[in-house]
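A.B. asks:
Numbering (UniProt numbering), first residue to last: 1 to 66.
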């Protein structure tokens, strides 16, 4: 087999593989697009609540004395 024949066959095989790959890629993209569902809206973040009354932690007590 001469190099020219090898080169021609290689190009043919490569072209065929690219066609098959593009076809498989298109099918996969269609499956992904079908499978995607809209995501529900996230609940609003909760705000931390402060405790009613004066702060009674150890640090606050030390700060009041000082």
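For glycine and all other residues, C-beta sits at the position ideal for the given N, C-alpha and C.
1) Starting from residue 12, follow the alpha helix (DSSP H) in both directions and report where the run begins and ends.
2) Rounded to whole angstroms, what is the Cα-Cα separation between residue 19 and residue 27?
3) Is DSSP giving residue 63 helix, strand or coil here?
C.D. replies: In short:
1) The residue given as residue 12 occupies position 12 in the chain shown. Where residue 12 is concerned, the enclosing alpha helix (DSSP H) stretches over 3-35.
2) Translated into the one-based positions of the chain shown, residue 19 becomes position 19. Translated into the one-based positions of the chain shown, residue 27 becomes position 27. Roughly 12 angstroms separates the two Cα atoms.
3) By one-based count along the chain shown, residue 63 stands at place 63. Helix.
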